[in-house]
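To start, the structure under review is shown below, and the notes come after it.
There are 2 protein chains.
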Amino acid sequence: MGYTIIDIALRAGVSKSTVSRVISGNGYTSKEAQKKVLQAIEELQYKPNGVARAMVSQRTNNIGVIIYRQHHPIASHPFYGKILDAILLKTESLGYSVFVTTDKEMSLKSADFMLEKRVDGLILISRLSQEVIGYIDNFKVPYLIVNGTTEKDDVIQIVNNDQKGGRLVAEHLYELGHRRITVIAGPQEHRSHKLRFTSFCERINELGGEILKTDIYYSPTSTFDDGYKALTSHWNQFSQQTPTAVFATNDMLALGAMQVLLEKGFRIPDDIAVAGFDNIDYSRMSYPPLTTVDVEKMRMGEDAVILLDRLIKNEHVSPISIDYEPKLVIRKSTKGS
Amino acid sequence: MGYTIIDIALRAGVSKSTVSRVISGNGYTSKEAQKKVLQAIEELQYKPNGVARAMVSQRTNNIGVIIYRQHHPIASHPFYGKILDAILLKTESLGYSVFVTTDKEMSLKSADFMLEKRVDGLILISRLSQEVIGYIDNFKVPYLIVNGTTEKDDVIQIVNNDQKGGRLVAEHLYELGHRRITVIAGPQEHRSHKLRFTSFCERINELGGEILKTDIYYSPTSTFDDGYKALTSHWNQFSQQTPTAVFATNDMLALGAMQVLLEKGFRIPDDIAVAGFDNIDYSRMSYPPLTTVDVEKMRMGEDAVILLDRLIKNEHVSPISIDYEPKLVIRKSTKGS
DNA sequence: TCATAATATGGGAACGCTCCCACATGAATC
DNA sequence: GATTCATGTGGGAGCGTTCCCATATTATGA
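Protein chains in written order, with the numbering used here: chain W, 999 to 1335; chain U, 999 to 1335.
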């Protein structure tokens, strides 16, 4: 294998303790010793062994990210992938390495993986099962949850204010004069979809409008294809009493629905307006670009890392739950220029 | 901290050696001892310490993935993110955990990170600088390169056959009767963009056509916005001698260009056809859906893991370079239904 | 000049595991 | 009855660090 601290010590003519001190910067070392050690390190291209370090220091400087996945997409997911990006960026600056795992329903395997590898902390993304969370909670590893929920009330949770977002879309569409609105509601077990959906409907009611039961299309999953199917499978009904707007609880569903409408020859937004939620990258790339609600994905990931770092360092972390103000992003799918 | 193998030994009334044997399954153990040990493990919720294991076995069961990034997007990148997804999926089944890092130009830091963490192997994605590759090559860590290149000829490289793909698009557009084609050429330092671009032009020439120098718009980067800018910044010129087709060396550029065309009121494909390359998820979600060349992103990631695993286990790996047959995916952006 | 502090260095234990070796038992073989 | 072999067990070294402690040297101040 590679060189060890002892090889460096031998070559520099000092003890391994001195080498250790030079490398870590802890304790006293003479300029002379420093020079010799540094030179030896350079010559041998020595890299400290992180495993051995972790062994004695009881700190791996690794954090684990577990992303729940229902089916395939994980890292490349336009929403979770962004959060992951932010995590990767932020951890780098704090000196952590990141283990990324994904988790299928009910599996404790990914958690075990992380626990055995002894990460310093864990970031759980999306709706992991309570079983998994409970399991992780059993070990004393610090962790927090991003865009998911748990009954445990002492766990940091980072979420978007989805109620507020749902209301923003409702107000926007209502102001534009839409009175008959079709809603494509994503998986209602999922906190975000549920909140977006219910707050949207409530706000419409408050404003004096109404969402008809028959205008609500539920979708058990929330992909582009689901959005596409939601409209095509209800097409007869939909086309007979064409609403003037469609709201989907995330952008993917909205984009799928929009493709159906475009294929059928509807002009957007003249014939029908479409709005989504998440402000994923692709929402602005469609034609027309999609009106949506911006969720601060990057900030979620960043804050997750910052807070986890505090948790790991045993510093006090006061707010147990963080949520971000969503922002309505008006594009041409609801309002032509 | 948590329990150790000694706690288990004490509780089960055996020696730590026996516990170790039960856990690993190596060596002889009596049914009786097994039962006692397993029970103790269960009762204490013991998890073997991966760090200590790695220390003695000299195997961490971790592999590192370094993705080159020019600017921001990394994990969420529609192309590299997919490869990462496949890596994550495949490593799980082989028992590895994955460190993910990103690398800015010229930075050796991420490599150092991985090296110090003592990963068993490395997957390098995209065009990492030769400096970084050379640096990694210095240490004896097994590694391979996905969708990138190096001068070293003993390094496994997994790539798409971009020449073939470029030719496929050329043939498709030529067959459809397009004789005046605008090409948006992504960063030419990048192997893929260069090969796609040159092979496309060559094939057009072979077929008897010609790509005019003035119809080539170079773009130093390859995002949606770059595609958008490529057309808007050349708009006067472009609109005067409108070509009948646009080919961009990746889907993002193509989608950006397509948005400009749609904004300007062009009908696609009737007025102008558009083709991209990569078959990213979003290529089929645009309207009209984008004709493109499918690159087997998932397979690239999967094969990378399989081969790296062999490398790590010191098994023989014969083909030094793998490339995949690209497949033309014809959608409505070139051929209306 | 002698205590005291600051600076500098080396030795050795410890982290939690694996694996080698020594040893003990009982069955099988000669 | 002695020798071999399969089965089972425990002790101890070692993986490459960090960190504590002991010790040595030099500087500081009465």
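Positions of the beta carbon are idealized from the N, C-alpha and C atoms, including for glycine.
- Residue contact with chain U for Gly1079/W: present (Cβ-Cβ distance below 8 Å to some residue of chain U).
- No Cβ of chain W is located within less than 8 Å of the beta carbon of Arg1009/U.
- Contact note: Phe1097/W reaches chain U through Ser1095, Val1096 and Phe1097, using a C-beta cutoff of 7 Å and chain order.
- Looking at the DSSP output, Thr1180/U shares a beta bridge with Val1244/U.
- Taking 8 Å as the threshold, the shortest C-beta distance from Asn1312/W to chain U does not fall below it.
- In the three-state reduction of the DSSP assignment, Ile1081/U falls in the helix class, which pools H, G and I.
- Within the model, the alpha-carbon separation for Glu1300/W versus Val1139/W is close to 19 Å.
- Shown here for Thr1099/W: same chain residues with a beta carbon closer than 8 Å to its own, the five before and five after excluded, namely Gly1062, Val1063, Ile1064, Ile1065, Ser1108, Phe1111 and Met1112 in chain order.
- With respect to Met1256/W, Ser1284/W sits close: the two C-beta atoms are nearer than 8 Å.
- Relative to the Cα of Arg1178/W, the nearest Cα in the group Gln1161/W, Ile1154/W, Asn1145/W and Ile1214/W belongs to Ile1214/W.
- Residue pairing from DSSP places Gly1119/W in a beta bridge opposite Ile1061/W.
- By DSSP's assignment, Asp1321/W forms a beta bridge with Val1157/W.
- Sorting Leu1259/U, His1075/U and Gly1164/U by C-alpha distance to the C-alpha of Val1291/U places Gly1164/U at the top.
- Put simply, the backbone Cα of Val1327/W is about 19 Å away from that of Ile1182/W.
- Distance between Cys1199/U and Ala1243/U, taken at the CA atoms: about 14 Å.
- The alpha-carbon of Val1054/W is positioned some 13 Å away from that of Arg1051/U.
- Residue pairing for Asp1292/W: DSSP places it in a beta bridge opposite Asp1276/W and Lys1325/W.
- Look at the beta carbons and you see the stretch 1009 to 1022 of chain U touching the stretch 1030 to 1042 of chain U: at least three pairs across the two are nearer than 8 Å.
- Taking C-alpha positions only, Leu1229/U is separated from Pro1185/U by approximately 16 Å.
- Listed in chain order, the non-local C-beta contacts of Glu1187/W below 8 Å within the same chain comprise Arg1125, local neighbours out to five positions each way being set aside.
- Among the bridge pairs identified by DSSP, Val1098/U is matched with Val1063/U.
- Tyr1226/W: member of the alpha helix (DSSP H) spanning Phe1222 to Ser1231, first to last residue.
- Between Leu1309/W and the set Asp1118/W, Pro1076/W and Lys1088/W, the nearest pair of CA atoms involves Asp1118/W.
- Counting C-beta atoms within 10 angstroms of its own C-beta, Asp1268/W has fewer than 16 neighbours from the protein chains shown and is therefore classed as exposed.
- Taking the Cβ atoms as the reference, Ala1084/U lies roughly 7 Å from Lys1295/U, within the contact range of under 8 Å.
- Contact annotation, Arg1116/W with Gly1093/U: C-beta distance approximately 16 Å; criterion of less than 8 Å not satisfied.
- Within the stretch 1015 to 1028 of chain U, not one residue has a Cβ closer than 9 Å to any Cβ of chain W.
- According to DSSP, residue pairing for Val1144/U in a beta bridge involves Ile1123/U and Ile1156/U.
- For Tyr1215/W, there is no enclosing alpha helix (DSSP H); the enclosing beta strand (DSSP E) covers residues Ile1214 to Tyr1216.
- Under DSSP, Ala1271/U takes part in a beta bridge, and its partners are Ala1243/U.
- In the structure shown, the three-state DSSP call for Ala1073/W is coil.
- Here Gly1000/U is not near Phe1077/W, since their CB atoms are 8 Å or more apart.
- Leu1210/W is classed as exposed because its beta carbon has fewer than 16 other beta carbons within 10 Å across all chains shown.
- For the C-beta of Leu1260/U, the chain W residues within less than 8 Å are, from N- to C-terminus, Tyr1285.
- If you look at Val1012/U, you'll find it isn't in any alpha helix (DSSP H); DSSP assigns it neither H nor E.
- Taking 9 Å as the Cβ-Cβ cut-off, the stretch 1036 to 1062 of chain U approaches chain W at Gln1043, Lys1045, Pro1046, Asn1047, Gly1048, Val1049, Ala1050, Arg1051, Ala1052, Met1053, Gln1056, Thr1058, Asn1059, Asn1060 and Gly1062, given in chain order.
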